[in-house]
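Here's the structure we're looking at; comments come further down.
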Amino acid sequence: MNSILNRVFGKNPSSTSKKNATTGTASSSNSTPPLTPLDLPQWIPPDFNRDNIRLLVFSDSDDTGLQLIFDSKTLRVVPSTDNDNNINNKSSIATNSRTSLSGVPSSNYATGKPPVGPSSNSGARVNPAISRFTHKGKQYELRKFSNDIRNYADYIFGTMPLLFKGTGMKVHTSKSPLQIMMSRVFAVKLADRPDGIVNTSTTSEPDTAPVNPLNPFLPSHINRSLSSGVSAASSTISSIDILGEDLTNHKFGRLYRRWLKVANRAIKQNQRQPGRRHRRCIGIAFIVTFQQDELSKYKHFEEFFCTHAPLIENHFQKIMTAAEVNINERNSIAAALLDRLFTFKDDLYTLYTRPRLIYPAWYILTQEHLTMTKRRALAQQLCSIIDLFSTPKYGDFLNCVLSAVLSYQLSWLSTVSPSLIKSKQQVLFKAKADYTSSMQSFLQYSPLWGQLIDLFSAYSQPPYICRTVIVGTDSSLLNRLLYLMSFFIRPSYLTYKNPNPNLSDTTDEQNRSYKKVRLYIDELIASSTQIQDIEPYSPVHSIHDGDDDDDDEQNLEDDIDILSGDESNTNHNHTTSLNQPQEFYQLTYTSDDLESTSVEDNEISQLLNSLVIHIDQMIVNEQRTQIQSPTIHSRPTPSVTLPSPIQPVVNSLPTKILMSLPLFEPNHLGHESISLNNDYHLDLGLSLISSVTNSYSSDFILQAIETSNVNEIIRSICAQHTYDTTENGGIFLDGELIDTSITILINIDDISVNLYSSKHNDIARKQERTTLIQPIIEHVHLAKQLLPADFVLLNMEDSLQEIYFQALAILKYMKANNRSLYSQESVSSFGDSASTASITSGDTDDRHSRTTNHTVTDLPTQSLMNSVLTIESTYTTAIDNSSELVQNVIRKFQLQRSDYMFLKNILRVLETEQMQMIN
Amino acid sequence: MNASCALQHFCDLHGPQTLLCTEQRAHIQNANDNDDEDIKTFYSQYIKSENPQGKVECKSCTLSPESALVSTIDSDNHMLYISSSSTPNQDLFKNIRNACVRSLNIEKSVEVDAPILFGDDVNGYCLSLAFSCKDFHARGSQRLYSLCYICSDKYHLLSIMKLLSDCLRQAVYWLQYDANETYEQEGRIKVNTNLNGTSTTTRTTYIFRTPPCVPSQRMLSDIVHDSKITFRIHALFVWLLRMSNSAINESLFDALPTEEQTTKQERKDVYDNENLSNSLTKRRTTTIVSRSTSIHVQDSLLLSSTLTNYTPNPGYLSTSLYSTIDNYHQNENGYYDDEDDFDSLQYQFSSYGYEALKLFELFIKKLNNIKYLQYILNNWVIGNRLILKYTNRMDSKDLICALASIFRLFLPDGCFHLVEATNQKGLHTANFILYDTDIVLTNDTSSLTEILNDNNSIVIKLIFDDIDDNLRVVKLETLPLTRSEIPIPTYVKTIIDLFTDSNLNEEAFESIITQHKIKYLNKAKLHFQLGRCQTAATLSTNDRQQMTIFNVENMSDLALIRFWQKGLSQAYKTQIRILKQDDNQHQRIQKQQK
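This is the structure we're talking about:
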């Protein structure tokens, strides 16, 4: 059984097998029904050496030029015997620690002299630039220069730093040496200070770093809070009517956020970087190197890196912050960086190699090719786990667990909202959403991003995020509960359709395929047709461009008028009159998917069309704004659209012909797309659920930790919360500012479920039993006696759906019940006491945004475990203030207070979208 | 902003220049091409921006002599791609320009064919691959180009970086391969060594020419010897963009449609099939109906329904409501393609909403007896027949429809079967009969009277007219037995309770009812499941036991659940049966193994 368990849960055999053996017997003596085994592969941790991570930190400023500040390659631990001998060296550390790169005076560099290699530099030889510092009791030595520094500086900053001093991110990959490098260049926000003030900056942790509203790395949350947020909101409102119920009512959260991303992106584009030059930039890079013979390992890591980039960058951000804070502190920067580097290495290592729960339950159940037997086995397994945890010994434990998880990890919500139409593809009890691929192609969001949102349950706006941690000493129990939880955490899953990119190959033999493709393209070109009757923008109009906004609008309309004037000349007519009988639009029907579009698809296409129409509108709007403000835009690029004075001379404008080319689809030529097996390094849904381990890692949204020292875990959870809500904490969610960070701590040993939130960090709220969840558990009891396990899965889904409908009903009820007071009530019912102040501030958009800010997860209050009296009292008043409506709801829907608390968070997510509709 | 691709060149004279860029935008294809103004405007912007006067007249900075814009439409994914040498989209232009300068001038890659990803939030992110093409006439016999993929989402770009790199390399290889061939041809001269004519074997040797002293500018189309290079690169870029859109697919899962929707769909399918047999040809010829026609159909529907009473055509009267509407369709010779309202347009709660709610409140008021109301609803929800005997003194049938829609709302779709008393056929199966007392029934009325006298039917008499709030009289004709104390189902209590709440609007009302319906339907599902399992069926014969299983309070609830099994869809029932079969088989195998 032990080995079976290992196979099922994909454990790191070295760490847990021993304990497993003991606990396995223990649980069987508890008359635990044995878990039905699933034949799954064992977890094989990837091979990764964290010493292969190299960190480079440069500083570049107008005054001093490019300087190397830190290079982990030249770092060396000084043997303790060495220490005493070189103590007298210490005095020189401070002065030497910041020798200019390659030792050349910076002015040389700035005047454009070719960079001189360090070896040829006399200055460097005379003064062997070695800096030493102590870190955690060890003394380190940082030698200056390794030979490749010059190259790396070029990679990071570019070869023409004087011409273009850009900030931003870069990724370089190379085959020899086998390495991947990610680098960031950013402007120092802290102005160059005199060293005297530096002390304050060292004490300031990353979270207290001053917020620069012009910080280029975090524009998204700024524009959300600033004026552009208003325009975003207004465009959202208009859109929602068009999108109708499909997006906002029925697919709560999920689609909405995906759509919202586009809206926000459109705004993001309009953000302008301030024109000022950065006086000082820091360039930081980390390089992961592999041995030349480790190509497969490298490829694996590269793929992992690409998919997990948001999380990795989140960790990388910490190094950047450390460098920025300490940049003026000559003595401590190396130590600080080294500290961060170690953490970073550990984080990356953990993220990469930590054992995952191979095949979470939800993931398996949604697979297309799931056999009946396999599914039954799974269902039985889930049932037996539920059974195990609902024995009298555990009391309401499972109820509390599910209440907490289902209340905060809301990815399940969209999986129970019924689709409006019959889907082409059904998996047992779910319908695969048909609209995603089309949505993806014109919303152009990253599916991985969508997964992150799902996994962290960052649905509302501003987002809160949620993680679940299970602790205990019995790894077998941990595993089972973990497995059960993985059924309720329901991210989308990804399919990689890697089209074979090999259109040709370097070898002679395959050049035939190249010829073939070329022939194919030639055919296409031959069949291309001209699109006629497109009139160019009249130059008379374009002269007035940018004079007046109204004028431009007029322009647009004029053109439309012109075009609609000769309506007889539609494309249709024209193309038919051409020699070739093909119609322009029909040329594109070459795709082989076409015949599959049947009547049944009407609904989908309708949904899509409404979406498309809307997006189209947005694009048009966007373009209009672009056209409207050519004076701003064209300044840097005067070459194209601004009418030049020569223009009147050029009388005959050669009009370009517009050709329409059919779709080029090399797939027809035997370039079949290869579908890849999903592995954790490609799919965040598989990756961010970790198996049983010994330490806490913030990257995983669901993890089980085998430990007896819970306090330590709590401490790291709280630390993570603090970090999450800082400016950089949400970097992995496209730089969004995270409003609240929540961790559900499930302790199997204590049989307790506690909620920790960044709002009041040290106070845990004990999750209470809810009546809403109870049916889910009861179904399983029924199964034990009467029904096959398969039925139970169905019934469980139905119960979840009931909750969803109940939440909908409550929301509508609350809305109806106090329409005029609704916005206020929503504040008080969902918000905390602090937000009551904002009620008085008038009925503006602004307030609404603030209310959403406050409508949080303010963890409900009663019966705090360690109740600080003052806090509790403020909370009860908050609830009392709000409670009239809440009481109504509770009475009307026959809920318990804990039920309402459970629903509150769901309501909040649902409400975020509703709010916009009310406006 | 959507992703775009660009081909750039480092000109000896002018520095980095953009040769071609391909952008994409969402595009909906309109079935009847009337809506093309939008796209024409879009195109015309490009033609305008192609004015060459702003552009440097330099061969090297031009892609090909043929100045063509190329556009492709991907109708499946609703995308339009267009390639031009410069874009009217100012933001994109700036980003491409920026990417161009950076990729050709500034960024340094570690290896020759290693792409670089660079960018920031303001200028977008770019994956660029710089490469050189052989050209005999160029300085140093080669020219520097770069391919860029630009998009604003860095993590998206990162996640497809590997794929894009491969594709870019392919594209580069194409160009280089062609350029090499041209170079080979230009760079050497064929010499006939067989000058004397002595040797029989004609061997050709090549002499390499010395490169020209003064390098000359050439177009890329000359370098690769392809006059249609614009098209080719456009095709490649479109391929690249489409591939990047579809490289990673997200699979989302929704719940199946609710039983209500499924049963509705199934009912529709049944009628479609019936109809299919006789009107197959007609239907297929007119699959797409323009909006105006469908509105017309709707109008006529309402109109005809008011006329139903006086229509001499017995065909109308003798068919059930559903097929009646189908008849209209055939008469209109159009296909009514609305997906869920094929039968229920008249009785859908959402189409009356507030009006229906108010009417029902009035109904309660006129009934003026809470016991009666309970009695009606109680019988209604557990499946007894309800007969509305109405006298309509108004022109419109709206009111009666609105009232019916309320009753309809209370039951799951599958349980609701409405028949107008003018129709003989469905009377026995129907549980909701609308009986207009003004109609003189010419045909045999025996079944109707039989039904009217049925003990289980509840007859309500209504009089509508224009005076006094439209609903003048509501009278319960079959009075409840005074002695019998049938427990009231919880569901009915909920409904009645809802009407005491004055603040409720129709939306909230509907969603609360829906919630409860879902709840009881789920119980009905469970009931159905138990019925399929022998062990369960024997174990839970006792009503009390069943009540605990379903977590309900009284016998009426149980009756409700039993009746509501009718509201389950065929699809669900089939699924359960299959699952059960599978389970049985499994158990048999297990037994055999033992």
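Protein sequence lines, in the order shown, are assigned to chains A and B. Oh and the first sequence: position 767 is 767 in UniProt numbering, straight run, nothing missing. Oh and the second sequence: position 29 is 29 in UniProt numbering, straight run, nothing missing. C-beta: ideal position from N, C-alpha, C; glycine also.
Please go through the same chain and pick out, in chain order, the residues whose beta-carbon is closer than 8 Å to the beta-carbon of residue i, but skip the five residues on each side of it.
| i | result |
| --- | --- |
| Tyr206 of chain B | Arg188, Ile189, Lys190, Val191 |
| Asn694 of chain A | Ser15, Ile705, Glu706, Thr707 |
| Ile47 of chain B | Leu69 |
Please state the DSSP three-state secondary structure of residue i.
| i | result |
| --- | --- |
| Cys58 of chain B | coil |
| Gln291 of chain A | coil |
| Ala153 of chain A | helix |
| Tyr354 of chain B | helix |
| Arg472 of chain B | strand |
| Cys718 of chain A | helix |
| Glu872 of chain A | Reliability fails at Glu872 of chain A, whose pLDDT of 32 lies under 50, so the model's placement of it is uncertain and the value that follows must be treated cautiously. Glu872 of chain A falls in the helix class under three-state DSSP. |
| Gln461 of chain A | coil |
| Thr500 of chain B | helix |
| Ile382 of chain B | coil |
| Cys100 of chain B | helix |
| Gly729 of chain A | coil |
| His896 of chain A | For clarity, residue 896 of chain A is Gln in the given sequence; the question names His instead. Coil. |
| Val224 of chain B | coil |
| Met219 of chain B | coil |
| Val416 of chain A | helix |
Going along the chain, which residues of its own chain have a beta-carbon closer than 7 Å to the beta-carbon of residue i, five neighbours each way excluded?
| i | result |
| --- | --- |
| Asp135 of chain B | Ser141, Gln142, Arg143, Ala179, Tyr183, Arg218, Ile223 |
| residue 615 of chain B | Summary: the structure shown does not reach residue 615 of chain B, with chain B confined to residues 1 through 594, and so no result is reported for it. |
| Pro775 of chain A | Ser799 |
| Ala524 of chain B | Ile561, Trp564, Gln565, Gly567, Leu568 |
| Val101 of chain B | Pro16 |
| Thr111 of chain A | Caution is warranted here: a pLDDT of 36 is assigned to Thr111 of chain A, below 50, making its placement in the model unreliable, and the coordinate value is therefore given only provisionally. No residues qualify anywhere along the chain. |
Got a sec: does the ligand SAM put a non-hydrogen atom nearer than 7 Å to the Cβ of residue i?
| i | result |
| --- | --- |
| Pro16 of chain B | The ligand content of the structure shown is nil, which means the ligand SAM is not present either. |
I'd like the list of long-range same chain contacts for residue i, defined as Cβ closer than 6 Å, with 5 residues on each side in sequence excluded.
| i | result |
| --- | --- |
| Ser227 of chain B | Ser221 |
| Ile333 of chain A | Asn326 |
| Ala149 of chain B | In the sequence on display, residue 149 of chain B carries Tyr and not Ala. Excluding residues within five positions, the ones whose Cβ falls inside 6 Å are Cys5, Leu127, Leu164. |
Do the region 472 to 480 of chain A and the region 230 to 247 of chain B make contact, defined as three or more Cβ pairs closer than 8 Å? no
Quick one: any contact between the region 397 to 410 of chain A and the region 345 to 361 of chain A, if contact means 3 or more CB pairs under 8 Å? Taking 8 Å as the limit for Cβ pairs, the verdict is that the region 345 to 361 of chain A does not touch the region 397 to 410 of chain A.
Any contact of the region 456 to 466 of chain B with the region 394 to 409 of chain B, i.e. 3+ C-beta pairs under 8 Å? The answer is yes - the region 394 to 409 of chain B touches the region 456 to 466 of chain B, with three or more Cβ pairs under 8 Å.
Sufficient close CB pairs (3 or more, under 8 Å) joining the region 898 to 907 of chain A to the region 770 to 785 of chain A: yes
Say whether the region 352 to 362 of chain A touches the region 679 to 691 of chain A, bearing in mind that this needs 3 or more beta-carbon pairs closer than 8 Å, one atom from each stretch. Yes: at least three Cβ pairs fall under 8 Å.
Below 7 Å between beta carbons is the criterion; list the residues of the region 132 to 155 of chain B that meet it against any residue of chain A, in chain order. Ser152, Asp153, Lys154, Tyr155
Stretch pair the region 731 to 745 of chain A + the region 464 to 474 of chain A: three plus CB contacts closer than 8 Å: yes
Of all the residues that make up the region 295 to 324 of chain A, which are near chain B by a beta-carbon distance shorter than 7 Å? Glu302, Glu303, Cys306, Thr307, Ala309, Pro310
Spell out a yes or no on whether the region 785 to 796 of chain A and the region 367 to 385 of chain A are touching, meaning 3 or more CB-CB pairs, one atom from each, closer than 8 Å. yes
Interface residues of the region 252 to 266 of chain B facing chain A [CB-CB below 8 Å]: Leu252, Phe253, Asp254, Ala255, Leu256, Pro257, Thr258, Gln261, Thr262, Gln265
Taking Cβ-Cβ distances below 8 Å as the criterion, which residues of the region 213 to 240 of chain B are in contact with chain A? Lys228, Phe231, Arg232, His234, Ala235, Leu236, Val238, Trp239
Proximal residues, the region 445 to 462 of chain A versus chain B, C-beta separation under 8 Å: Tyr445, Ser446, Pro447, Leu448, Trp449, Gly450, Gln451
Alpha helix (DSSP H) runs wholly inside the region 732 to 815 of chain A, at least 4 long, in chain order: 774 to 785
Count Cβ pairs between the region 804 to 814 of chain A and the region 543 to 555 of chain B that sit closer than 8 Å; are there 3 or more? No, because fewer than three Cβ pairs between the region 804 to 814 of chain A and the region 543 to 555 of chain B fall closer than 8 Å, the two stretches do not touch.
Any contact between the region 719 to 728 of chain A and the region 296 to 306 of chain A? By contact I mean 3 or more CB pairs, one from each, below 8 Å. no
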